[in-house]
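Numbering (this note's numbering), first residue to last: 103 to 366.
Structure follows, in structure tokens:
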């Protein structure tokens, strides 16, 4: 099987480096979305896990961000998981999304809590590549509270445990990626907790190893990560130095082992 490329990217509601998407016109948002699509096209990723993707929200002029990006790229398969909904004149509908060049055979979205604004969640997708399946968990965690992040990551761990039971052999090892809103080395926080769990018997590599992802213009922290199972041979991983969001995207190129992928 040829190498595959994955990007995880918080696109910040399409606002670019601005502090708030509501400050801008529809034209500005669409121009920035075209910059995002150029980044994705240039990177030639096979699938993209995105956070802060609006389907229909007043603050960026009700533009369906996923549709705009999809039209400008060659990703024929996509799914958006909505974690926030609010009706009325200040309507909101946004969450996480997956773009893929390959069919998405299974999809599932789980908000961490029912909320009208600010809520986070995770999206699970199985990407069908030939006879093999690449499972991906796309996460966005709370940025305010360490305790809330840990509670949220426990929901992700519970989901992974449940899928291990469904798979029947205890070897369910998805790629886990997204915006964790905390660094890797902070004990008692979400990334540290998840890595501790995954390392017990599943064996993962946490990427990127050194490069920082936030804020994009002058990054001082790494809060966007990809947890890669060891069965995937990592060819390279890097943070892309682009300025189309307040986050920088993380790109991982890897070679999957078909015999060890989850199979239908």
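Don't be surprised by glycine CBs; every beta carbon is placed ideally from N, CA and C.
By DSSP's criteria, residue 323 is part of a beta bridge. Which residues make up the other side? Taking the first residue of the chain shown as position 1, residue 323 is located at position 221. DSSP lists 316 as partners of residue 323.
Taking residue 207 as the reference, give the member of 233, 128 and 304 with the closest Cα. Indexing the chain shown from 1 puts residue 207 at position 105. Considering only alpha carbons, the answer is 233.
Residues of its chain near residue 325, where Cβ-Cβ distance is below 7 Å and the 5 sequence neighbours each way are ignored: Here the question's residue 325 lines up with position 223 in the chain shown. Non-local beta-carbon contacts of residue 325 in its own chain, meaning distances under 7 Å to residues more than five positions away in sequence, involve 281, 282, 283, 284, 285, 315 and 316 in chain order.
If you scan the region 209 to 292 from start to end, which runs of the alpha helix (DSSP H) of 4 or more residues do you find wholly inside it? As summarised for the region 209 to 292, the continuous alpha helix (DSSP H) elements at least 4 residues long and confined to that stretch are 248 to 269, given in chain order.
Only counting the same chain, and skipping five residues up and downstream in sequence, which positions put a Cβ closer than 6 Å to that of residue 367? Only positions 103 to 366 of the chain appear in the structure, and residue 367 is not among them; the question remains open.
So for residue 139, helix, strand or coil by DSSP? Along the chain shown, read from residue 1 onward, the residue named residue 139 stands at position 37. The answer is helix: DSSP assigns residue 139 an H, G or I state.
Could you tell me whether the Cβ atoms of residue 204 and residue 238 are closer together than 8 Å? Mapped onto the chain shown, residue 204 falls at position 102. Mapped onto the chain shown, residue 238 falls at position 136. Not a contact, by the Cβ cut-off of 8 Å.
Using the beta-carbon count (16 or more within 10 Å), is residue 330 buried or exposed? Translated into the one-based positions of the chain shown, residue 330 becomes position 228. So residue 330 counts as buried.
Mind checking whether residue 236 and residue 358 have CB atoms under 8 Å apart? Translated into positions along the chain shown, residue 236 becomes position 134. Translated into positions along the chain shown, residue 358 becomes position 256. With contacts defined as CB atoms closer than 8 Å, residue 236 and residue 358 qualify as a contacting pair.
Paired residues, beta bridge with residue 180 - DSSP: Within the chain shown, the letter at position 78 stands for residue 180. As a beta-bridge residue in DSSP terms, residue 180 pairs with 201.
Going by DSSP, which residues form a beta bridge with residue 186? Locating residue 186 in the chain shown gives position 84, where the first residue counts as 1. Beta-bridge pairing links residue 186 to 196.
With DSSP as the reference, label residue 115 as helix, strand or coil. Taking the first residue of the chain shown as 1, we reach residue 115 at position 13. Residue 115: helix per DSSP, three-state reduction.
For residue 260, count neighbouring C-beta atoms within 10 Å of its own C-beta (all shown protein chains included) and say buried if the count is 16 or more, exposed if not. For this step, residue 260 is matched to residue 158 along the chain shown. Residue 260 should be labelled exposed.
In whole angstroms, give me the CA-to-CA distance for residue 308 and residue 213. Along the chain shown, read from residue 1 onward, the residue named residue 308 stands at position 206. Along the chain shown, read from residue 1 onward, the residue named residue 213 stands at position 111. Computed Cα separation, rounded: 24 Å.
Could you tell me whether the region 252 to 266 touches the region 170 to 188, where touching means 3 or more Cβ pairs closer than 8 Å? No, they do not touch.
In three-state terms, what does DSSP make of residue 299? Indexing the chain shown from 1 puts residue 299 at position 197. Helix, per DSSP.
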